[in-house]
Structures are given as C-alpha cells and as structure tokens.
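Asker: Protein chains in written order, with my numbering: chain W, 9 to 319; chain U, 9 to 319; chain D, 9 to 319; chain P, 9 to 319. Yeah, the Cβ is synthetic: ideal placement off N, Cα and C, and Gly gets one too. Take this structure first; my questions come after.
Number of protein chains: 4
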Amino acid sequence: MSRANLDRVVSEIADEMRQRPDRGEVASYIPELARVDSKSFGLVVIDAEGHVAVAGDSETPFSIQSISKVFTLTLALGKAGDRLWRRVGREPSGSAFNSIVQLEHERGIPRNPFINAGAIAVTDVILSGHQPREVLGEILRFMRFLADDSSVAIDEAVAASEQRTGFRNIALANYMKSFGVLDNPVDFTLGVYFHHCAIAMSCRQLAMAGRFLAHLGRNPSTGLSVVPPERARRINAVMLTCGHYDGSGEFAYRVGLPGKSGVGGGILAIAPGKASIAVWSPGLDASGNSHLGRIALEALTKRLGWSIFGA
Amino acid sequence: MSRANLDRVVSEIADEMRQRPDRGEVASYIPELARVDSKSFGLVVIDAEGHVAVAGDSETPFSIQSISKVFTLTLALGKAGDRLWRRVGREPSGSAFNSIVQLEHERGIPRNPFINAGAIAVTDVILSGHQPREVLGEILRFMRFLADDSSVAIDEAVAASEQRTGFRNIALANYMKSFGVLDNPVDFTLGVYFHHCAIAMSCRQLAMAGRFLAHLGRNPSTGLSVVPPERARRINAVMLTCGHYDGSGEFAYRVGLPGKSGVGGGILAIAPGKASIAVWSPGLDASGNSHLGRIALEALTKRLGWSIFGA
Amino acid sequence: MSRANLDRVVSEIADEMRQRPDRGEVASYIPELARVDSKSFGLVVIDAEGHVAVAGDSETPFSIQSISKVFTLTLALGKAGDRLWRRVGREPSGSAFNSIVQLEHERGIPRNPFINAGAIAVTDVILSGHQPREVLGEILRFMRFLADDSSVAIDEAVAASEQRTGFRNIALANYMKSFGVLDNPVDFTLGVYFHHCAIAMSCRQLAMAGRFLAHLGRNPSTGLSVVPPERARRINAVMLTCGHYDGSGEFAYRVGLPGKSGVGGGILAIAPGKASIAVWSPGLDASGNSHLGRIALEALTKRLGWSIFGA
Amino acid sequence: MSRANLDRVVSEIADEMRQRPDRGEVASYIPELARVDSKSFGLVVIDAEGHVAVAGDSETPFSIQSISKVFTLTLALGKAGDRLWRRVGREPSGSAFNSIVQLEHERGIPRNPFINAGAIAVTDVILSGHQPREVLGEILRFMRFLADDSSVAIDEAVAASEQRTGFRNIALANYMKSFGVLDNPVDFTLGVYFHHCAIAMSCRQLAMAGRFLAHLGRNPSTGLSVVPPERARRINAVMLTCGHYDGSGEFAYRVGLPGKSGVGGGILAIAPGKASIAVWSPGLDASGNSHLGRIALEALTKRLGWSIFGA
C-alpha cells in the first residue's frame, strides 16, 4: 500500500459520500447534539508507518459519545484486570443500546461494556471511591496522551444537556445500583459518564488515539506501550462483537473490522497491523450508528482489502 | 510457520487437553449423542499449502450438528443470494441457541442463521419446493465435495433420535410457520434439518471442508472456487459474531477466530489466509459449546499468533 | 327482578347492539371461522328460577372455541384435583392468548388454563393415557349433559381447519412437550384440543351449560350437583382474572362479572347467585374478545345491578 | 350475620393465626421495615352497620406501603377522570411488582395503577404542577377523613429509608420520564410517592378508610359520598385483578374478594355490600404479599360465605 494510493482511496470515498443523498437522522435525544451540521463528513486513516491520510472535515471536533467507551474500557482493564468482568459481560446484547430488559433478566449485570448500562458499570469501576473531578481529569489526560494533543476537551454544553435529559441512563444506573452492581453514588458515576461521553475530538485526534489498538497495544511511532498485546486483541474482539449495539453483526458483515460508533456520528475502526481509522458523519441509521460512516468504511475495506475475515 | 512447528504445536495441545480433568458435560438432550465417549479428542489443522497437522482422534467421525449450518448457509446464499436475508437476520441473538422469545418479539424472523430457528429457516430456503430426499442428497454431495471424501454420511440413528425428541425444534419451526416465514411443509423442512445436523464427519474431513472459508472462497490445493471472495469473508463474519450462540463474544475474546460449534462437541475455526481448523471434544460448557475445544483453540491461536484481532 | 323486566332489558340491549356500526373484526386466523355472518347477535340470560330471556340469534350454533376451556378445566379438576396446578398456573399472563414468551421464562408451565398453552396442558391432563376419541366423546357428553341438549356437536370443518393451520398451537404444544409438561403424544393432545374448541353451541345451550357456575356448582332446576361449591367459586375466580386474555382487567373493570370469551365471538358470563349469561357477536376487539359482546354485557350488568363489585 | 357471630369468627381466626409456625419473611429491602416484630397480627372487620370486630394488634400502626395506592388511585380518578388511563393501563401485569421489562415493551406506560411504576404515574397525575408538600398534605387529609381519625401520620423514618435505598423505584420513574409519561420533576413525584407509601395506619383505621369501597362509594355510617357507585365498583375490579402483583390470581382464587396488599404486611379487602376488612401480619410470601394475612382472609370468607364468586 503506497501512501499515494491510500491518500487517493480516502479522498475518493470522501467525494462519493459527499454526493450521496441518504444521510440518516442526526441524533435528537440529546438536544445539544441536534445542532450539528448533518452535512459534515470527515475521514482519517493513519497507517502503520504513521502516515496520515485525511479527507473532509477531518479537523472539526465532534462529540465522540460512545466511542469514549473503548477508552474507559481500556482504563478499567488497567485498573481492575479481569475482575472487571464480574461487573459486566462481554456478549452481544441482542437489543438496543439503552435497553433495560436484559438487566432485569440477568440480575443487573450488563451484557457488555459498550451498551450504555455496561459503560456506566465500567465508569463505576474506574471511579472506585475517587472524586468524579479527579477521575474525569484522568480520563481526559489519557485521551490527550493517546491523541498526542493537549487540546482535547470536554464539551460542557453537551454534558449539561445530557445531564438534564438523560433519564434513561439515570434509570439504567439506578437499576444496576438496586442490584448492587454499582459501588459509588449514582450521581458520581453518571456525572463522570455523561462527561466522558461529551469529549469532543476530531477524526485526526480519534484515529491517533486508536493506534495502539491496531498495533498490539503500542503506538508504533513513539514505541510507547499502552496495553499488553493480548489486551489490545481482546478489546478489538469486544469492539467487533459489541461495538455497534444491535447493528454489530451488520457492521462485521459489511465492513469486517472491529469498530465502535457513537451517536455523535463518529466511528473508530481498527485494521489490525495496518491502520487506525476515524470517520464522522452525524446522520444515524435505525440502530443508532453513523449511516454514511459505515458505508464509507465498507468502501474503504473493500478497496484496500483490509477485512479481518480474508484478504 | 514451518510444518514441523505446526505439527509440534498441534501435538502439544492435544497432549495438554488429554491431561485436563475438566471436560464439560456431553449433550444429553439428543439421546443418541449421549453415548459418545467423553474422553475423545481430535485436532486437525490444514494450512494454506495443504499440509495437514493431526492429533488425537482425528479420523473418528462425530455428529457435526450445528456446524452443518455453515454449509447450509453457504448453499442457501448460492441459491437465494441476498434474498435470504428477508427470512433471517445476521445479528447476534443475545439468547440461547433454542430460544423462542426473540421470534415472538420480531415476528417470526430468526436473528441469525446459526441459532436453531435461523438454520431451520435457511433449510427451508434450500428446500424451496423440492423433495426432502433430493435436497438432502444435494447437501450430502456438497459436504463430500468440500471434504474431498465420498465416505461422509448421515448417521441415521442420530437423525431418528432427534426426530423423535426434538420437540423444541418442532416448536420453533411451527412458530415460524405461523408467521409465514417457512414456505414448505414443516415436516419436510424439519426432516432435512434433522438429517443435515446428523451428518457425521471426522476432524480431518471437517477441516478439509472448511478450507474455502480460509482462502477467499477457493480451495487452494485444487484451485476450485466454491464462493466469491466477498461471500467467504461474510460467512466468516457471521461465524464470528454468531457462531457460538450466547458464547460468541467469549469465543471471539479468547480465541479470536471465526468459528462454528456443534453440540456434538466439534468446532470448525477459520484463520483467514492461514488455515482451516477442526477440533472435537464432546463435553460442552454452559453455552452448549465444546469446553476443551474452545480451550484448545485458544492455546493454538495464542502460540501461532493467528488471532484476527492483531498478530 | 321480575321476568318481564329481565325480558325487556335483554331485548333492549339486543336492539341497541343491532344498531351500532362498530362490530370489530371477525377472526380470520382460522379460515373456517371467517365465513360467519358478522352481523349475527345473540343474547340469552337464564336466571336462578330457570327463566330464559332471549334476544337475537339465540338459537344459532356458533364455534365456542376458548369458552370450551371453562368446561375442560372443570373436567380436569374433577379428574386430577389440585394436582392439576402442577401443570398450569392460575395467574393472569400479561400477554396475548397465544404468547410463547412466558413459557420460555417459566420452564414450560403455562400461566393459567385459559390461554392457549394452558388449555392444551389441561387437555393433556384429561387425556392421560386414553384414546383421543374416547376423551372427546366424554367432553361432548359432558357438554350435552350441562346444556341439557343432546344435539350439541363438534363442527368438523372448523376442527379440520384449525388442524391444518394451527401452527402456533402446534408450536406451543411441542414447546411444552420439550419441558416435559405434556404426557401424551403431542398429536393426540392437540387433536382433542382442536376438536373441543370446535364444539358449536347456541347462546341458549351455552347459558344453560354455565348454570352450575352461577349456583354453587348445582343446576338449580334439576338440583343435580356438577362440582362442589368451592370449586364453582374458584372456576369463577379464574374466569374473572384470566378469562379474557390480555383484556381480562378491562372486562372486570367494565362488566364486573366472571366471563370467558372465544374467538368465535361468544362470551359466557356468570352472575353468581343470579344468572348464567351467553352472548354472541362474531366481531372481535384488539385483545381477541367479542367487541359487541363485551359492550352488551356491560350494559346488562349496569342496568340490572349485577356487578360482583358492588350492587 | 349477627354481631356475636362475626366477633367470634374474627377472634377464632386470630387465634389460629397466632399458632401457625409459618409466617413468611419480613420485607428487608426497605431497611426500616425490617425492624418490625414478625409475630404481630391484627384483624379488623367493619360491617355494613358499622360494627367493628377486632382481634390481635388491631390498634398498632404499621406501614401501609402499597395499600396507599388504592387511595391515590381514588384521588387521581377524582382529579383526572378517565384521562388517567392514558398514563396507566388496568390489566394485570404478569410480572413482579417492581418489574421494568413491561415498560420497555409498552413504551413506558405501566400496566396498572398497583404495580410500583403505575402508582408512581398515578402520583404524578395527582401532583400535576403543585408542590410536593401541598399534595402530600392533601393525601394525608384524605386518609384522615376516610379513617375518621386525625392521628393518621407519615412515618418519616420509613420515607427517608426508602428515599435513600429505593434505587429500583428511582429507575422506574426515570424510565417513564424518558418516555414522557411523567410530567413533574422525577424527584418531586418520587418524594410524594415514597411519603404516601410511608403512611402508618392501624388495622382499625385502614378498615374504616376502606368502607366507601364496600358500599358503593359512600360511608354508610355518615352517609357521606366519596366517589360515585360506578367508580367504587371499578376500583374494586382493579383491586381484584391487580391488587396482589403476581399473586393476584391466587388471591382471587383462594380469598375471592377485591384486595390490596402492601409490603408492610397489611391487606385491605372489600366484601361488597358486606364489610371492609383489614389484616396485618408482616411476614410475606414469594410474591410480596402478607402470608398469614392471605390465609386469614381465606378462612374468613369461607366461614362467612363472603366470596364474590358465589355465596
């Protein structure tokens, strides 16, 4: 794969996406998110050598929302190791991102760390007795370190918007609390959760932050290790089976890469050994995943032969 | 990977498995299956060059059961193409292999082709107006062609045993029929289903039959194409997200390969570009997947660096 | 209550119903039932003295369908006593008459004897090793005895229609069989079930057959005892809480009498100590209960002050 | 029924209950409730003439908990009339008192006013823009008026205990809020809900408060009308079908009276036209209803022939 070829493919795909009429629906359940320009589109691919191929709105920060769950999972595994899995499963849920039914049938243990309930449980593990402010600082420093960019910040308006209207997440958290699955005061855990979901990043920053997952836990440019190789593989596995809520099977089928979407319209996708990829298009499909983001990634893996299921 | 190295790893793993006291429980819900020797263990790996590494009971035929669903899915996609997906989804189910709850909530459309209901719907598509006997012949010829072995056969005792006692599958089929999801007489569809699940194959035959999935749809030894490259990738994707029922997340997390298990204790696993793998150990875990089979595959991918999530 | 007054109220209500434009939808899932005239309407009230007030199509036989479940419950309690309750519960189901979800969550034990699954389990208890033909004869003789009319018969066309198309009931029965809840061959149990649901009776016959429930288990005209007083009360209690599927609360709220409906459009209602009532109007509401039947009964209890909840 | 006979039956039953070893388990999920003496037992029957038959701890106030839901339903129907039923159904739920599953399947509308979610929705209707303190005052005045006793009060320790630990109710309320089913701030609605559940009353006070339901909406001693006759009947109907959570069918089957239980161990039962009855025994059965309370009521209706299903 030459740099020129990668640049060309990325640029072509961005052009094609710009011309498509179908864009999905911008998330409206968090009022602040509904304000974003539905025509935005960004795509960034960073290969193993560190070459950065960009197209579209690659420098515009957007709300990463659930993509943050990949990084809080990474932190929680660092803190609690396999004990984390007493609090959250790692199976696809077979239901919507904010379903509560499964919790009732499985005594408050969320199915995986990427549905809302699971990510709240993961946040609770990271919090473990500390002050929300401290922990939030830690998460933000981690994101800045990974993105190699100290300008990564929380969008307080989005966090406040969700804190005012996030009744379903409040329900999920209290429900888990009633089963003893959360250790900290519900308000503390949710405060941290709403804020880390409100981190704003550009495609470039996000793709940079995901590089350790593409390269066995290390940033190949700096050589710094973030997690052991096995853990990187396993996080990728959870992304593949659970990263797109009830559209995870579809994403695996069409794109063939581990990935994690957010309702802000971003997707982080990992081509193991090859590249870290971030795409952003705010319109969502019925499962709550970026509509054009998924289509762009499908085109990308097809043209570059990057599917993990056969190349 | 030298042949000697592969042979050594396969042989070591078989030795280690033989010494483990934990073997899981042999399936008893199909009376005929309960008779198998719980100490049986076979492992076969066939690499891209066609080298066959074997260990243990690699030539003993066992009931492939749900592993047959990979091949009926392949046949059905060949016959119906993407129209197949009107009858069955491709998302993980989040429930047990024989659950009926999801069908009621989703108007009789099974979640994916690898849970029982989904595989029955796939069988119905293959049947499409033909006589059960003809279609069963076609499936058997396909398996013999893929395994390159005309001795592959149906174990009629197992088929009869399931036909007598498979009330839950009869319930699933009639339930789908009530929603108009099945076209053929229920008895016809179930007859074919029970019989293709009762195909008996050895690890060697099974690993041989899976080779096209490891190599973009072609058998690399004969050069014969079975399916287009894209279809091979996609079948692998469905295997990864749905191949182990409600233990699919766990299998992806630990083994990191697309795979399909059967309650006979077999697992077919695919290392894209590298190898087709079959393992057999009759004792099952709580999700109905081969207990030692999964552990053996985990050891194998770790030692050979074959995980699709980073190598 | 004078006879003249009762005659007048019954006649008025029949007139009012005849003029209403809203009639609900005639059941179409059993093809044979769809042929009935949607304008039919019959109402019969038999008071404690044996006076029979009639209006409309009171002598036309219709398919009693699920109303037969009251009588098979009576027979099964006579045969098995409280042991019956090991096979079936007596709680409202909170779901549709043909739901299978509850069975999966409660290990194949149906919630109550009046949902389809429960009535199939009750039929299995009555069958208990006998031949379907004998048991069907026994049920029919019981109905003729209660109705004091030897002309009561099974509509074989309806039975055959359901046997050909009753996939959902076949699913329910096989599902219970898989949990060991049914003792007899599924075909036997379903054969009897489909046939007793296909009994055809007129409103007059049905109201006559229900008299023992209104009068502590005895027919007050003949003095013959059918069940002990306690059992009559308890059957009435199950009718009140479970007799109208997921519209049972609504029926209790509006009508205030124990009652059992059938998809043929009939309802048998019991005013304890006062009367046995049968109404028939084939159009159904969303819960599968006779639309005008329920409205007629609401008018009747209001005008006569017969609600069991305060008079 | 002579007064002497009623007094004797009430006294006999209390004696029998005192000697039984089986008492059920005192509710522990509200810490403050767990402190009550499990041996307490009270029974009060007030007949149509106003005669009060008492036995056991008839004057000891206990936490009425969910029994308060009968009275908030009465208030809400007075305020909103049939519009109330847009926010809550009136069908048995087929699930536990605190289940959230049904809410997800039915878009946040609780099944009936007597499960927790339903009672929270009813409380929200009563609140409708007013201050929690005012509304709580109104509820308390209503209870004092009905009980004809100004000493009825809220047990603040119980209210505080539930406010600290009632995570499941907080979850239910926020869940409904996310569907727009609640109008007021969740904290307001829950504040009122927790407090009215924490009203403490003796059996005597409770039986007095329930008299209007036994007598077509009027207190027969004072002649004061509380609700129209039809409404009294309908509240009784909802009590019968939904008053004992997932044990409502059982209560109807065994006792044969409309009734409402609370986890404090109290039950209010209504014999229409005959009596208002309150019983208290803190130990609960598996469905969360008073174990001995139900048994005592079963004995009472049997001996007095008060079942609404035939006398």
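What does the alpha-carbon distance come out to for the pair phenylalanine 153 of chain U and alanine 217 of chain U?
Answerer: Approximately 8 Å between the Cα atoms of the pair.
Asker: Any idea if arginine 11 of chain P is buried or exposed, counting beta-carbon neighbours within 10 angstroms, 16 or more meaning buried?
Answerer: Flag for arginine 11 of chain P reads exposed.
Asker: Going by other Cβ atoms of all chains shown within 10 Å of its Cβ, with 16 needed for buried, is glutamine 27 of chain U buried or exposed?
Answerer: Under this definition glutamine 27 of chain U is an exposed residue.
Asker: Report the three-state DSSP secondary structure of arginine 98 of chain P (helix, strand or coil).
Answerer: Coil, per DSSP.
Asker: Contact criterion: CB-CB distance below 8 Å. Does serine 101 of chain U meet it with respect to chain W?
Answerer: Yes, serine 101 of chain U lies at the interface with chain W (some Cβ there is under 8 Å from its Cβ).
Asker: For the ligand SAH, any of its heavy atoms closer than 7 Å to the Cβ of isoleucine 54 of chain P?
Answerer: In the structure shown, the ligand SAH is absent, as is every other ligand, since no ligand is present at all.
Asker: When the Cα atoms are used, what is the spatial distance from glutamate 306 of chain P to lysine 77 of chain U?
Answerer: Spanning the two alpha carbons is a distance of roughly 56 Å.
Asker: Give the DSSP-derived three-state secondary structure of serine 74 of chain D in the structure shown.
Answerer: DSSP places serine 74 of chain D in helix when its eight states are reduced to three.
Asker: Can you tell me whether DSSP reads aspartate 90 of chain W as helix, strand or coil?
Answerer: DSSP places aspartate 90 of chain W in helix when its eight states are reduced to three.
Asker: Using the beta-carbon count (16 or more within 10 Å), is serine 159 of chain U buried or exposed?
Answerer: Serine 159 of chain U comes out exposed.
Asker: Can you name, in chain order, every residue of its own chain whose Cβ lies under 7 Å from the Cβ of serine 233 of chain W, other than the five neighbours on each side?
Answerer: Answer for serine 233 of chain W: Gly225 and Arg226, listed in chain order.
Asker: Could you pull out every unbroken alpha helix (DSSP H) segment of at least 4 residues lying fully inside the stretch 268-318 of chain D, listed in chain order?
Answerer: Complete alpha helix (DSSP H) runs here, min 4: 299-312.
Asker: Measure the C-alpha to C-alpha separation of asparagine 106 of chain W and glycine 126 of chain W and round it to an integer number of angstroms.
Answerer: Their Cα atoms are separated by approximately 10 Å.
Asker: Using CA coordinates, which residue listed in W:Ala129, W:Thr230 and W:Pro140 is at the minimum distance from valine 189 of chain W?
Answerer: Taking only the C-alpha atoms, the option nearest valine 189 of chain W is W:Ala129.
Asker: Got a sec: which bits of the stretch 272-288 of chain D sit with their beta carbon under 7 Å from any beta carbon on chain P, in order along the chain?
Answerer: From the stretch 272-288 of chain D, only Pro280 and Gly281 have a Cβ closer than 7 Å to chain P.
Asker: Indicate whether the contact test is met: 3 or more Cβ pairs, each with one atom in the stretch 203-220 of chain D and one in the stretch 205-219 of chain U, closer than 8 Å.
Answerer: Segments in contact, no.
Asker: Closest to phenylalanine 317 of chain D by CA distance: which of P:Ser66, P:Ser284 and P:Leu148 is it?
Answerer: Cα-wise, what sits closest to phenylalanine 317 of chain D is P:Ser284.
Asker: Hey, isoleucine 54 of chain W and alanine 155 of chain W: beta-carbon distance below 8 Å or not?
Answerer: No.
Asker: Using 8 Å as the threshold, is the stretch 36-46 of chain D in touch with the stretch 160-170 of chain D, meaning 3 or more CB pairs across them?
Answerer: Touching, per the Cβ criterion.
Asker: Please tell me whether alanine 42 of chain W has its Cβ less than 8 Å away from any Cβ of chain P.
Answerer: Closer than 8 Å: no.
Asker: Would glutamine 213 of chain D be called buried (16 or more neighbouring beta carbons within 10 Å of its own) or exposed?
Answerer: Flag for glutamine 213 of chain D reads buried.
Asker: For valine 234 of chain U, would you say it is in contact with chain W, using Cβ-to-Cβ distances shorter than 8 Å as the test?
Answerer: Valine 234 of chain U does not count as touching chain W.
Asker: Return helix, strand or coil for arginine 226 of chain W, following the three-state DSSP convention.
Answerer: Three-state result, arginine 226 of chain W: strand.
Asker: Tell me whether glutamine 73 of chain P is buried or exposed, calling it buried when 16 or more other Cβ atoms sit within 10 Å of its Cβ.
Answerer: Buried, since its Cβ has 16 or more Cβ neighbours within 10 Å.
Asker: Going by the beta-carbon positions, is the gap between arginine 31 of chain U and glycine 255 of chain U smaller than 8 Å?
Answerer: Contact flag unset, no.
Asker: Using the beta-carbon of each residue, which ones in chain D are nearer than 7 Å to tyrosine 261 of chain P?
Answerer: Under the 7 Å cutoff, chain D gives Arg98, Arg242, Ala245 and Val246.
Asker: Buried or exposed: where does glutamine 139 of chain U fall if 16 or more other Cβ atoms within 10 Å of its Cβ makes it buried?
Answerer: Answer is exposed; the Cβ neighbour count stays below 16.
Asker: Should aspartate 132 of chain W go down as buried or exposed, given a rule of 16 or more other Cβ atoms within 10 Å for buried?
Answerer: Classification for aspartate 132 of chain W: buried.
Asker: To the nearest angstrom, how far is the alpha carbon of glycine 29 of chain P from that of alanine 304 of chain P?
Answerer: Here residue 29 of chain P is proline; the residue named in the question, glycine, does not match the sequence. Their backbone Cα atoms lie some 14 Å apart in a straight line.
Asker: Under three-state DSSP, which class holds alanine 260 of chain W?
Answerer: Helix at alanine 260 of chain W.
Asker: Taking only the alpha-carbon atoms, compute the straight-line gap between asparagine 13 of chain D and glutamate 20 of chain D and give it to the nearest angstrom.
Answerer: Cα to Cα, asparagine 13 of chain D sits roughly 10 Å from glutamate 20 of chain D.
Asker: Could you tell me whether the stretch 48-63 of chain U touches the stretch 180-198 of chain U, where touching means 3 or more Cβ pairs closer than 8 Å?
Answerer: The answer is no - the stretch 180-198 of chain U does not touch the stretch 48-63 of chain U, with fewer than three Cβ pairs under 8 Å.
Asker: If contact means a Cβ-Cβ distance below 9 Å, which residues of the stretch 106-138 of chain U contact chain W?
Answerer: Those residues of the stretch 106-138 of chain U that come within reach of chain W (Cβ to Cβ, closer than 9 Å) are Gln110, Arg119 and Asn120.
Asker: Grouping DSSP H, G and I as helix and E and B as strand, with all else coil, what is aspartate 55 of chain W?
Answerer: Correct three-state label for aspartate 55 of chain W: strand.
Asker: To the nearest angstrom, how far is the alpha carbon of glycine 272 of chain U from that of serine 66 of chain U?
Answerer: Cα to Cα, glycine 272 of chain U sits roughly 15 Å from serine 66 of chain U.
Asker: Could you tell me if threonine 249 of chain P is buried or exposed, where buried requires 16 or more neighbouring beta carbons within 10 angstroms of its beta carbon?
Answerer: When all chains shown are included, threonine 249 of chain P counts as buried.
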